[in-house]
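For reference, the structure is listed below as structure tokens.
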């Protein structure tokens, strides 16, 4: 008798097969007619398989009538067309074997609905809930879609280093990585000697793989990274994590227009895949998390993304009459409230902002001919705000060195990065997409801590 | 005129098309008849596209005759069938535009061949060499194959945390992650107060996502992680990195036999994909790195993997008459020399060793009925040794707690891990594959530092 997933067993085409499923009890309901309905879930999909256990089964009163939520079991029998609404099949059980018990007195996931906040305390168990299970399947599907999109176009998947001695943004708060004995430091009274540390100098967790990604784009033309990145910022918000995953494509011979086209095609591909393949989970989000979600996403796919320069955006914001908390003026960075206004109210869909002031952007972005703006782009989407940030990179050695000097960066620290502009320099561009923001956008989940298996934020590295 | 990759342009089916390529000069050769052959590479494949530039081009003497290795250019024209051996097509150029110069006096990658050791000093440029370019394309292909294998079978891709307060192996040397000001520590003279650190306690870089992976396997049934892992070991060998990528599938209701089947199918799938899709790069490795490689890999795919218990392996080793450096006795861990003997000389192919002594394996492996061995498995392959390590996990709460006590682990630190055995416990199993070892196995590359873009090892976090 072959073991199949609940997802497969629930398919109408499986009716008639003799099979086995293995999973966990969600609920048990006993009929007065002397048999029981057991809802079994194995996480392969949102829905449960209804297992009908007849009172004639040998262990019916000893085991089956004692099954509670969370018990693991193996059930086998024949799949039959279900008379019940909303399910194509159910399992007429020939055997139901209890594998692991689950004490209802102590099991945290009782039938009652828990808040997402409460579930975070049980991050080791919350994957068993409908919401978090659906989020994790969606997240996996998005990851797959990301790899498909780039691999199909001949991009090389690149692992840039997690531990690094360089700081991509020239700023940013970093986590130090060390094997120095901190207790010893408190005894010595001497200065910290990083030459004794594991890497022979100060080392940190990466905030972006971009600079290293550029080195390989200038060798293999099309590359993308997809890995964890880190921010040691003391941000206790629903939008920030200390550890999150980022996708960063980088392409040689691309300019800003190519880059914008790639970003739009990329986002649309992910949404198309999600809508096409995560039907049941997406319907769940639409019903329980964010009504109207699927329709909004479908609209994003259909429309061409709007484009607007930063300068025009400032004009729009200044003339909007909206009571913004932060004032709007050319040369200041846009706040979340401004981005949300532009994408949600002004455009009502995705918006790509371009040509930001050089003074508020990192040294590596290409200076435009006006010498005031850089070839930067941010993609804003309703409900999330900035989801993608990118730019064409400065490929001219002299301009790059001048920008580094302006921003107080030490040229010697970036010898390898500037080398790319010495030896066969080429225009190139790229962007970064935060995976968690993308999962939020696609699911409607409000808090970023609920779209990652084990969130890391100030004060929390549990599990 | 459409921009296509060198890989596409070199295809016989592209002959006749008017196209543009963008890339870097590998070599230039001038004919006495007044035209030049420029070998152009863009990293999309190992081979170059031969661009034929006629002396009649406007910039022929000013630019084309000055092109040197490493210059970037854009060439357009018509692809024609090439009369030269070994290439289907060549580009009859209508235009060759120099984009970025490359001073031959200072460019490190001259025509002469550099040692792989030397190339590591230029890790930002070495992707432009045949060997490292081929390795990175292969690595990307292997990653893709890994995702394909699991996604096609309904596994959920899971991101387990990189920063963690738990130590999976109960041992292992860890990198500390901190935002404490170390300089301040040397002044205070007080004990280190980790409650003031970012996460409110000591935090480290993960050595494995397994324990967290188990939590989601006990919710979604089939999961796999694929992310960076870390070892702060002072190992300066050709087999160890401080930072490397690991794939870790974990499946609920799997026993050791299921696990072995999965591991064998997994390795074979990767090799099949590599041989089917990386033809040119594999031929390069076969010719320049490890003669006979492709044939050896093909043999691995054809044969069923051999199985042997640890106890039998000890018997084989003790009776082998080989002059091992480390003595062989039941209860001691196998050394690389033993593993290599078993897989290379005794079996002559992949070998799965099972049922290791409990005393030399971690607490989470399932204790067998003999109470002396655990349901562990190591997959050994010729040329590399151990490439996969895995086990069925201990799913019985009492046995697990007893093993933890024996190994001196603090039960309270693992409250969430043991919870999985309290609430609907189920048999489950999984394994880990080191990506870099897999790339070495598939490419024949001798040093692990040459199969990762930017290697991290003691004293080195450059780039």
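Residue numbers (the numbering used here), protein chains in the order written: chain A, 15 to 477; chain B, 15 to 477.
Glycine included, C-beta positions come from ideal geometry on N, C-alpha and C.
Computed from a predicted structure; not experimentally measured.
Rounded separation between residue 143 of chain A and residue 474 of chain B - CA only: Along the first chain, one-based indexing puts residue 143 of chain A at 129. Along the second chain, one-based indexing puts residue 474 of chain B at 460. Roughly 44 Å separates the two Cα atoms.
So who's on the other strand from residue 106 of chain A, going by DSSP bridges? Working through the first chain from its first residue, we reach residue 106 of chain A at position 92. Under DSSP, residue 106 of chain A shares a beta bridge with A:66 and A:92.
Going along the chain, which residues of the region 434 to 449 of chain B sit with their C-beta nearer than 9 Å to a C-beta in chain A? Taking 9 Å as the Cβ-Cβ cut-off against chain A, the residues of the region 434 to 449 of chain B that qualify are 434, 435, 436, 437, 438, 439, 440, 441 and 449.
How would you list, in chain order, the residues of chain B whose beta-carbon sits under 9 Å from the beta-carbon of residue 280 of chain A? Taking the first residue of the first chain as position 1, residue 280 of chain A is located at position 266. Within chain B, no residue comes near residue 280 of chain A; the closest Cβ sits about 17 Å away, beyond 9 Å.
For residue 164 of chain B, which residues from the same chain have a beta carbon less than 6 Å from its beta carbon, with the 5 sequence-adjacent residues on both sides left out? Taking the second chain and counting its residues from 1, the one referred to as residue 164 of chain B is at position 150. In its chain, beyond the 5 residues on either side, 238 have a beta carbon closer than 6 Å to the beta carbon of residue 164 of chain B.
So, does the CB of residue 261 of chain B fall closer than 9 Å to a CB anywhere in chain A? For the purposes of this step, residue 261 of chain B is taken as residue 247 along the second chain, with counting starting at 1. Not one chain A Cβ lies under 9 Å of residue 261 of chain B.
Rounded straight-line distance, which links the Cα of residue 138 of chain A to that of residue 132 of chain A: Counting from one through the first chain, the residue named residue 132 of chain A turns up at place 118. Counting from one through the first chain, the residue named residue 138 of chain A turns up at place 124. The straight-line gap from Cα to Cα measures roughly 12 Å.
With a threshold of 6 Å on Cβ separation, who are the neighbours of residue 230 of chain A within its own chain once the five nearest residues in sequence on each side are excluded? Locating residue 230 of chain A in the first chain gives position 216, where the first residue counts as 1. Around residue 230 of chain A: 172 and 237.
Mind reading off the beta-carbon distance from residue 242 of chain A to residue 241 of chain B? Whole number of angstroms is fine, and I expect it under 8 Å. For the purposes of this step, residue 242 of chain A is taken as the residue at position 228 of the first chain. For the purposes of this step, residue 241 of chain B is taken as the residue at position 227 of the second chain. The beta-carbon separation of residue 242 of chain A and residue 241 of chain B, rounded to 7 Å, stays under the 8 Å limit for a contact.
Same chain, Cβ closer than 7 Å to residue 505 of chain A, neighbours up to 5 away in sequence not counted: Summary: the structure shown does not reach residue 505 of chain A, with chain A confined to residues 15 through 477, and so no result is reported for it.
Pick from A:157, A:64 and A:37 that is closest to residue 113 of chain A, judged by C-alpha positions: On the first chain, residue 113 of chain A is found 99 positions in, with the first residue counted as 1. Scanning A:157, A:64 and A:37 for the CA closest to the CA of residue 113 of chain A turns up A:37.
Between which two residues does the beta strand (DSSP E) holding residue 479 of chain B run? The structure shown does not extend to residue 479 of chain B, since chain B is modelled only from 15 through 477, so no value can be given for it.
Assign residue 202 of chain B to buried or exposed, taking buried as 16 or more other Cβ atoms, counted over all protein chains shown, within 10 Å of its Cβ. For the purposes of this step, residue 202 of chain B is taken as the residue at position 188 of the second chain. That one is exposed.
So which residues of chain B does residue 468 of chain A contact, with C-beta pairs closer than 9 Å? Counting from one through the first chain, the residue named residue 468 of chain A turns up at place 454. 173, 174, 175, 178, 226 and 229, listed in chain order.
Once the 5 residues before and after residue 159 of chain B are set aside, which same chain residues still bring their CB inside 8 Å of it? Start at 1 with the first residue of the second chain, and residue 159 of chain B comes out as number 145. Non-local beta-carbon contacts of residue 159 of chain B in its own chain, meaning distances under 8 Å to residues more than five positions away in sequence, involve 283, 284, 287 and 288 in chain order.
For residue 219 of chain A, three-class secondary structure by DSSP: As a working note, residue 219 of chain A is residue 205 in the first chain. Residue 219 of chain A: strand per DSSP, three-state reduction.
At a CB distance below 8 Å, what residues from the region 42 to 71 of chain A approach chain E? Give them in sequence order. Looking for chain E here will not work: the only protein chains present are A and B.
On the DSSP letters alone, give me the boundaries of the beta strand (DSSP E) that residue 49 of chain A sits inside. As a working mapping, residue 49 of chain A is identified with position 35 in the first chain. From DSSP, the beta strand (DSSP E) with residue 49 of chain A extends over 49 to 55.
For residue 318 of chain A, count neighbouring C-beta atoms within 10 Å of its own C-beta (all shown protein chains included) and say buried if the count is 16 or more, exposed if not. To locate residue 318 of chain A, count along the first chain from 1; it is residue 304. Its Cβ having fewer than 16 others within 10 Å, residue 318 of chain A is exposed.
When the distance is taken between beta carbons, is residue 440 of chain B closer than 9 Å to residue 292 of chain B? On the second chain, residue 292 of chain B is found 278 positions in, with the first residue counted as 1. On the second chain, residue 440 of chain B is found 426 positions in, with the first residue counted as 1. A distance of 9 Å or more separates the beta carbons of residue 292 of chain B and residue 440 of chain B.
With which residues is residue 17 of chain A paired in a DSSP beta bridge? Translated into the one-based positions of the first chain, residue 17 of chain A becomes position 3. Answer by DSSP bridge pairing, in chain order: A:34.
Continuous alpha helix (DSSP H) assignments of at least 4 residues falling wholly in the region 162 to 209 of chain B: Complete alpha helix (DSSP H) runs here, min 4: 196 to 202.
Short CB-CB distance (under 9 Å) between residue 293 of chain A and chain B: Locating residue 293 of chain A in the first chain gives position 279, where the first residue counts as 1. Taking 9 Å as the threshold, the shortest C-beta distance from residue 293 of chain A to chain B does not fall below it.
Work out the CA separation of residue 378 of chain A and residue 227 of chain B for me, nearest whole Å. Along the second chain, one-based indexing puts residue 227 of chain B at 213. Along the first chain, one-based indexing puts residue 378 of chain A at 364. A direct Cα-to-Cα measurement between residue 227 of chain B and residue 378 of chain A gives close to 38 Å.
Give me, in chain order, the residues of the same chain whose beta-carbon lies closer than 6 Å to that of residue 21 of chain A; leave out the 5 immediate sequence neighbours on both sides. Here residue 21 of chain A refers to the residue found at position 7 of the first chain. For residue 21 of chain A, where only same-chain residues beyond five positions count, the Cβ hits under 6 Å are 58 and 59.
If you draw a straight line from the alpha carbon of residue 107 of chain A to that of residue 90 of chain A, how long is it in whole angstroms? Position 93 of the first chain holds residue 107 of chain A. Position 76 of the first chain holds residue 90 of chain A. Residue 107 of chain A and residue 90 of chain A: Cα-Cα distance of roughly 5 Å.
For residue 288 of chain A, report the span of its beta strand (DSSP E) as first-last. Mapped onto the first chain, residue 288 of chain A falls at position 274. Segment 270 to 291 is the alpha helix (DSSP H) holding residue 288 of chain A; no beta strand (DSSP E) there.
Do you know offhand how far residue 269 of chain B's Cα is from residue 355 of chain A's? Locating residue 269 of chain B in the second chain gives position 255, counting from the first residue. Locating residue 355 of chain A in the first chain gives position 341, counting from the first residue. The straight-line gap from Cα to Cα measures roughly 54 Å.
Give the straight-line distance between the Cα atoms of residue 314 of chain A and residue 294 of chain A, rounded to the nearest whole angstrom. For the purposes of this step, residue 314 of chain A is taken as residue 300 along the first chain, with counting starting at 1. For the purposes of this step, residue 294 of chain A is taken as residue 280 along the first chain, with counting starting at 1. Using only the alpha carbons, I get a separation of about 20 Å.
Shorter than 9 Å from the beta carbon of residue 19 of chain A to some beta carbon of chain B? Taking the first residue of the first chain as position 1, residue 19 of chain A is located at position 5. Between residue 19 of chain A and chain B, the shortest Cβ-Cβ separation is below 9 Å.
Taking the beta carbon of residue 53 of chain A as the centre, do at least 16 other beta carbons fall within 10 Å, making it buried, or is it exposed? By one-based count along the first chain, residue 53 of chain A stands at place 39. With 16 or more other Cβ atoms within 10 Å, it is buried.
Among residues of its own chain, excluding the 5 on either side of residue 372 of chain B, which ones have a beta-carbon nearer than 7 Å to its beta-carbon? Walking along the second chain from the start, residue 372 of chain B turns up at place 358. Correct list, in chain order: 381, 386, 387 and 388.
Between residue 313 of chain B and chain A, is any beta-carbon pair separated by less than 9 Å? Walking along the second chain from the start, residue 313 of chain B turns up at place 299. Taking Cβ atoms only, chain A never reaches closer than 9 Å to residue 313 of chain B, which makes this a no.
Looking at the secondary structure, which residues open and close the alpha helix (DSSP H) in which residue 344 of chain B lies? Taking the first residue of the second chain as 1, we reach residue 344 of chain B at position 330. Taken as a continuous stretch (DSSP letters only), residue 344 of chain B belongs to no alpha helix (DSSP H), as it is neither H nor E.
Expressed to the nearest angstrom, what Euclidean distance is found between the alpha-carbon atoms of residue 104 of chain B and residue 63 of chain B? Position 90 of the second chain, counted from the start, is the residue given in the question as residue 104 of chain B. Position 49 of the second chain, counted from the start, is the residue given in the question as residue 63 of chain B. About 6 Å.
For the region 190 to 207 of chain A and the region 23 to 39 of chain B, state whether three or more C-beta atom pairs, one from each stretch, are separated by less than 8 Å. The region 190 to 207 of chain A is not in contact with the region 23 to 39 of chain B.
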